[in-house]
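One structure is given here, and the rest of the page talks about it.
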Amino acid sequence: MFVARSIAADHKDLIHDVSYDFHGRRMATCSSDQSVKVWDKSENGEWHCTASWKTHSGSVWRVTWAHPEFGQVLASCSFDRTAAVWEEIVGESNDKQRGQSHWIKRTTLVDSRTSVTDVKFAPKHMGLMLTTCSADGVVRIYEAPDVMNLSQWSLQHEISCKLSCSCISWNPSSPLGGSLSTD
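So my numbering is basically just the index in the sequence shown, starting at one, shifted up by 7.
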């Protein structure tokens, strides 16, 4: 039987998005407090915040996970007109940090002139691709040519719509199929 539970997210402002990883064992939240939080599910089903950091200089609208084949990778987008790609790094340098993890910003995508309203990774069979949409009605598709170097992303396509875009989605069964919403 399904049982709905709430968590004490402890964001300081409105939560805009919740995203689960591929396996459903990790969750990310984002908020107008300009932060992203990562949660891990314990064996007893409780969620525990394992990371929290300021990601942008404006409200964070969306957060999304890449397929685990590409590692523990998140993307976020914001009112500050940017999207960012984050990678989790597990400490190995000294005994104090061994096994502890932290999130590092690998790149900031700055092509938008207005609020970036949504961000989504492509299905894994397409490679490591990321799409964004903006309040100015522009959809951008980026690709990481080297999945081992997440600091380099190239703009592959830019599609202009007549109206503001608020959300996007990849079609997992079509090579370059997707949808967007203008409401």
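Just so you know, even glycine gets a beta-carbon here, dropped at the ideal spot from N, CA and C.
Q) Counting pairs of beta carbons, one from the stretch 154–163 and one from the stretch 108–124, are three or more of them closer than 8 angstroms? A) yes
**Q.** Stretch pair the stretch 8–25 + the stretch 68–83: three plus CB contacts closer than 8 angstroms
**A.** yes
Q: Under 7 angstroms Cβ to Cβ from S122, same chain only, skipping five residues before and after it: list those, please.
A: F86, R88, S141, A142
(Q) Measuring only the C-alpha atoms, how far is Q41 from P179? (A) 30 angstroms
(Q) For M8 and G52, what's the separation of their Cα atoms in angstroms? (A) 14 angstroms
Q | Identity of the residue in S171, S64, T71, D20 nearest V45 by Cα | A | T71
Q. Taking the alpha carbon of K61 as the point to measure from, which residue in G78, P130, Q107, D20 has its own alpha carbon closest?
A. D20
Q: Report buried or exposed for V192, applying the criterion of at least 16 other Cβ atoms within 10 angstroms of its Cβ.
A: Because residue 192 is not part of the residues shown, which for the chain are 8 to 190, the question remains open.
Q.
So, with DSSP's three-state summary, where would you put K19?
A. coil
Q | Range covered by the beta strand (DSSP E) that runs through A35 | A | 33–38
**Q.** Entirely enclosed beta strand (DSSP E) segments - the stretch 141–173, minimum 3 residues
**A.** 145–150, 161–167
Q) Out of curiosity, what's the CA-to-CA distance linking R120 and G144? A) 10 angstroms
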